[in-house]
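**Student:**
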Amino acid sequence: MKEGKDLVIKNNSKFNEENYKIESPTKIMFKRLLRDKLAIFGFAMLTIILILILIVPFFSQDSSVINVLTKNQPPSSQHILGTDALGRDMFARVLEGGRFSFFVGFAATIISVLLGTVFGLVSGYYGGVIDMVIMRIVDILMSIPTLPLLIILAAFLSDLEVNPKYRIYVTLGLLAFIFWTTYCRNIRGIVLLLREQEYMQATEALGFSTFRKLFGHLLPNILPYIILYIASGLGTMMIFEASLSYLGLGVQAPYASLGNLLQTTRNFFDLTKRVWLWIPPTVLLFASVLSINLVGEGLRNAIDPRLKK
Numbered sequence: 010m011k012e013g014k015d016l017v018i019k020n021n022s023k024f025n026e027e028n029y030k031i032e033s034p035t036k037i038m039f040k041r042l043l044r045d046k047l048a049i050f051g052f053a054m055l056t057i058i059l060i061l062i063l064i065v066p067f068f069s070q071d072s073s074v075i076n077v078l079t080k081n082q083p084p085s086s087q088h089i090l091g092t093d094a095l096g097r098d099m100f101a102r103v104l105e106g107g108r109f110s111f112f113v114g115f116a117a118t119i120i121s122v123l124l125g126t127v128f129g130l131v132s133g134y135y136g137g138v139i140d141m142v143i144m145r146i147v148d149i150l151m152s153i154p155t156l157p158l159l160i161i162l163a164a165f166l167s168d169l170e171v172n173p174k175y176r177i178y179v180t181l182g183l184l185a186f187i188f189w190t191t192y193c194r195n196i197r198g199i200v201l202l203l204r205e206q207e208y209m210q211a212t213e214a215l216g217f218s219t220f221r222k223l224f225g226h227l228l229p230n231i232l233p234y235i236i237l238y239i240a241s242g243l244g245t246m247m248i249f250e251a252s253l254s255y256l257g258l259g260v261q262a263p264y265a266s267l268g269n270l271l272q273t274t275r276n277f278f279d280l281t282k283r284v285w286l287w288i289p290p291t292v293l294l295f296a297s298v299l300s301i302n303l304v305g306e307g308l309r310n311a312i313d314p315r316l317k318k
């Protein structure tokens, strides 16, 4: 009888171990994400776009080749998206523009999220004077009117005749400077909630170092939010990059971006008669931002299903 009882206890123990495994927040998030059809559709669309802009250029025409004899030609079998005012192949230019826009947007997003995460962690964890100083700096930077500042910088850089290659890095720096404060404030708010949790109180009682508490316990629990900010911020960064390039502050010729491709269309004739100059980059920008936003929305719902509309 006793042996039978022991067997039941062992079986129950095995059942509990198999059916009550503790999963990390990140693993739970990805499981929920895989059940979101719109997010999967957005991811598939984004994958196709990335294949187009990263792989197809190796098999297409050179985007930098100038041929004035074929300038402003409509789409044809030789140039499926036509040519621009210098006779360059628009299909190759649009793919190059998408590649640059993705690079600038992704790099700026990573930099701004990393800065925001580090300062947000420190501010939320320490509190007190450190929190007050960081938050006042954030408040000051967020109160600066962005558009007038960008217009002034565009005029300043034009007068200095800055090399187009270095303007790319200027664009990266500006985008990171504009957006890191938002991520810092958001991360700080999450840390303020998490630092009062029981597991953080346990790390205090066990005497863990500050570095271990911040990056070994707090950071893994805010990782889903960091992934969300990167995914949702990329689309915003691409739109801002296009705006900066259109104003003359971002990526400039001879390099192509979706913004400066649109900049070449500034008159009514081009808008109505040479639609191949602006429709392809517009469609690519729209599709890119849409796919990124769908993935970002899926991540948001996966992190906290209560936010689902």
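Each residue of the sequence shown is one higher than the one before, counting from 10 in our numbering. Idealized CB from N, CA, C, for every residue including glycine.
What are the start and end residues of the alpha helix (DSSP H) that includes Ala53?
**Tutor:** Start at 1 with the first residue of the sequence shown, and residue 53 comes out as number 44. Note, Ala53: alpha helix (DSSP H), Lys46 to Leu63.
**Student:** Quick check on Thr274: does DSSP put it in helix, strand or coil?
**Tutor:** Residue 274 sits at position 265 when you count from the first residue of the sequence shown. Coil.
**Student:** Using the rule of at least 16 other Cβ atoms within 10 Å of the residue's Cβ for burial, across every protein chain shown, is Tyr234 buried or exposed?
**Tutor:** By one-based count along the sequence shown, residue 234 stands at place 225. Per the 10 Å Cβ criterion, buried.
**Student:** Per DSSP, which one or two residues make a beta bridge with Asp98?
**Tutor:** Within the sequence shown, numbered from 1, the residue matching residue 98 stands at position 89. Looking at the DSSP assignment, Asp98 forms a beta bridge with Thr92.
**Student:** Over what stretch of residues does the alpha helix (DSSP H) that includes Thr245 continue unbroken?
**Tutor:** As a first step, residue 245 is located in the sequence shown; it is residue number 236 there, counting from the start. Note, Thr245: alpha helix (DSSP H), Leu228 to Leu256.
**Student:** Just to confirm the assignment, what range does the alpha helix (DSSP H) spanning Thr79 have?
**Tutor:** Looking up residue 79 in the sequence shown gives position 70. It is not in any alpha helix (DSSP H) - Thr79 carries neither H nor E in the DSSP assignment.
**Student:** Answer with buried or exposed for Pro290, where buried requires no fewer than 16 other C-beta atoms within 10 angstroms of its C-beta.
**Tutor:** Translated into positions along the sequence shown, residue 290 becomes position 281. When all chains shown are included, Pro290 counts as buried.
**Student:** Quick one: is Met141 buried, meaning 16 or more other Cβ sit within 10 Å of its Cβ, or exposed?
**Tutor:** In the sequence shown, residue 141 corresponds to position 132, counting from 1. Label assigned to Met141: exposed.
**Student:** So for Tyr134, helix, strand or coil by DSSP?
**Tutor:** Translated into positions along the sequence shown, residue 134 becomes position 125. Taken through DSSP and simplified to helix, strand or coil, Tyr134 comes out as helix.
**Student:** Once DSSP output is grouped into helix, strand and coil, what is the label at Phe217?
**Tutor:** Counting from one through the sequence shown, the residue named residue 217 turns up at place 208. Of the three classes helix, strand and coil, the one that applies to Phe217 here is coil, per DSSP.
**Student:** Roughly how far, in whole angstroms, is the beta-carbon of Val279 from the beta-carbon of Leu270, given that I think they are within contact range, below 8 Å?
**Tutor:** Counting from 1 along the sequence shown, the entry for residue 279 is found at position 270. Counting from 1 along the sequence shown, the entry for residue 270 is found at position 261. Sequence inspection shows Asp at residue 279; the Val mentioned does not correspond to that position. With 8 Å as the limit, Asp279 and Leu270 do not qualify as a contact, their Cβ atoms being about 12 Å apart.
**Student:** Under 8 Å, with one C-beta from each stretch per pair, do the segment 110-129 and the segment 187-200 reach the 3-pair mark?
**Tutor:** yes
**Student:** Spatial neighbours of Val200 within its chain, please: C-beta separation below 8 Å, excluding the five flanking residues on both sides.
**Tutor:** Within the sequence shown, the letter at position 191 stands for residue 200. The residues are Gly129, Leu130, Ser132, Gly133, Tyr134, Leu227 and Ile231.
**Student:** For the segment 298-311 against the segment 68-77, do three or more pairs of beta-carbon atoms, one drawn from each stretch, fall closer than 8 Å, so that the two count as touching?
**Tutor:** no
**Student:** Do the CB positions of Leu42 and Ala311 come within less than 8 Å of each other?
**Tutor:** Sequence index remark: in the sequence shown, residue 42 carries index 33 (1-based). Sequence index remark: in the sequence shown, residue 311 carries index 302 (1-based). Yes. Within cutoff.
**Student:** Using the rule of at least 16 other Cβ atoms within 10 Å of the residue's Cβ for burial, across every protein chain shown, is Val103 buried or exposed?
**Tutor:** One-based indexing of the sequence shown puts residue 103 at position 94. Label assigned to Val103: buried.
**Student:** What does a CB cutoff of less than 8 Å around Ala296 pick up in its chain, not counting 5 residues either side in sequence?
**Tutor:** On the sequence shown, residue 296 is found 287 positions in, with the first residue counted as 1. Cβ within range, chain order: Met54 and Ile58.
**Student:** Along the chain, where does the alpha helix (DSSP H) containing Leu181 start, and where does it finish?
**Tutor:** Taking the first residue of the sequence shown as 1, we reach residue 181 at position 172. Bounds of the alpha helix (DSSP H) holding Leu181 are Pro173 to Leu203.
**Student:** Can you check which of these residues, Leu253, Val260, Gln261 and Arg283, is closest to Pro157 by C-alpha distance?
**Tutor:** As a working mapping, residue 157 is identified with position 148 in the sequence shown. Among Leu253, Val260, Gln261 and Arg283, the Cα nearest to that of Pro157 belongs to Leu253.
**Student:** By DSSP, does Lys11 sit in helix, in strand, or in coil?
**Tutor:** Locating residue 11 in the sequence shown gives position 2, counting from the first residue. Residue placement at Lys11 is poorly supported in this model, since its pLDDT is 48, which falls under 50; the coordinates are not used for a value here.
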